[in-house]
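For the sequence shown, position 140 matches number 233 in the numbering used here, and the numbering has no gaps at all. We put the CB at the ideal spot given by N, CA and C, even for glycine. Below is one structure, written out as structure tokens; comments come after it.
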Amino acid sequence: MFPEDGVTINTDQWDGYTADRNEIFGHLRDHQVTDTVFITGDIHGAWAADLPYDASTDPLTGSAGVEFVCTSVTSNNLKDALGTPRRSPVNLAAEQAILAANRHLKYLNFDDHGFSVLDVTPERAQMDWYVIGSRSTRRTPVTWARSFQTRAGTGRVVAVDRPVGR
Numbered sequence: 094m095f096p097e098d099g100v101t102i103n104t105d106q107w108d109g110y111t112a113d114r115n116e117i118f119g120h121l122r123d124h125q126v127t128d129t130v131f132i133t134g135d136i137h138g139a140w141a142a143d144l145p146y147d148a149s150t151d152p153l154t155g156s157a158g159v160e161f162v163c164t165s166v167t168s169n170n171l172k173d174a175l176g177t178p179r180r181s182p183v184n185l186a187a188e189q190a191i192l193a194a195n196r197h198l199k200y201l202n203f204d205d206h207g208f209s210v211l212d213v214t215p216e217r218a219q220m221d222w223y224v225i226g227s228r229s230t231r232r233t234p235v236t237w238a239r240s241f242q243t244r245a246g247t248g249r250v251v252a253v254d255r256p257v258g259r
């Protein structure tokens, strides 16, 4: 039931496919593939993460790459499922607990709906997350939320203080 390297929280994400993940990471390491960026979604939250070869020894053992996860525009997220207000203590505590238990996660937002813009150059890949106001308002405002990038050759994400072009 449980993967070799920990407890499964969501079997429809990386932790539900430990052997497959290890095979992909092993291939990247064995073939010296660098600058790998995984772009994912459909988990209804925004994430930025390093992908350590071994989370228990991270950052000592290196990273297979990074992952940028785009949130949902309209599908329900944790806030909607719980019926809690945006950035409620319950939601923030859930995010903080996950971040504290997973030092390779650098950004997590279970509350907001929106979209992301990925900009890739030879020097870096940067994901900018944008938040929308109400899902039911046609002309809802759009606000920049956060940006993270990975510099070529690092295999790590770092926060940046503005979206591309600003």
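Residue j beta carbon less than 8 Å from that of residue i
i, j, result
"leucine 121", "glycine 158", "yes"
"valine 224", "aspartate 205", "yes"
"alanine 142", "methionine 220", "no"
"valine 162", "glycine 207", "no"
Same chain, Cβ closer than 7 Å to residue i, five either side skipped, listed in chain order
i, result
"phenylalanine 203", "Gly138, Asn170, Leu171, Lys172, Asn184, Ala187 and Glu188"
Per-residue DSSP class, three states only, for residue i
i, result
"phenylalanine 241", "strand"
"phenylalanine 118", "helix"
"leucine 198", "strand"
"alanine 190", "helix"
"threonine 101", "Bear in mind that the predicted position of threonine 101 carries a pLDDT of just 49, short of 50, making it unreliable; the figure below should be weighed with that in mind. Reduced to three states, the DSSP call for threonine 101 is coil."
"valine 224", "strand"
"proline 182", "helix"
"threonine 111", "helix"
"aspartate 143", "strand"
"phenylalanine 95", "The pLDDT assigned to phenylalanine 95 is 40, lower than 50, so where the model puts this residue is not dependable; a value taken from the coordinates is nonetheless given after this. Of the three classes helix, strand and coil, the one that applies to phenylalanine 95 here is coil, per DSSP."
Closest residue to residue i among the options (Cα-Cα distance)
i, options, result
"aspartate 147", "Gly119, Arg217 and Thr214", "Gly119"
"histidine 167", "Thr230, Leu144 and Ala194", "Note on residue identity: the sequence assigns threonine, not histidine, to residue 167. Out of Thr230, Leu144 and Ala194, Thr230 has the C-alpha closest to the C-alpha of threonine 167."
"alanine 218", "Ala194, Leu175, Thr233 and Gly248", "Gly248"
"alanine 194", "Ile117, Arg259 and Asp151", "Asp151"
"glutamate 136", "Gly155, Ala174 and Asp212", "This sequence places isoleucine at residue 136; glutamate is not what is there. Of the candidates Gly155, Ala174 and Asp212, the one whose C-alpha sits nearest the C-alpha of isoleucine 136 is Ala174."
"alanine 245", "Val126, Pro256 and Glu116", "Val126"
"leucine 198", "Phe241, Ser165 and Gly176", "Phe241"
Range covered by the alpha helix (DSSP H) that runs through residue i
i, result
"aspartate 212", "First-last for aspartate 212: 207-213, but that is the beta strand (DSSP E), not the alpha helix (DSSP H)."
First through last residue of the beta strand (DSSP E) which encompasses residue i
i, result
"leucine 171", "Per DSSP, leucine 171 belongs to no beta strand (DSSP E); it is in the alpha helix (DSSP H), 171-175."
"alanine 157", "156-162"
"valine 251", "251-253"
"isoleucine 136", "No beta strand (DSSP E) holds isoleucine 136; DSSP gives it neither H nor E."
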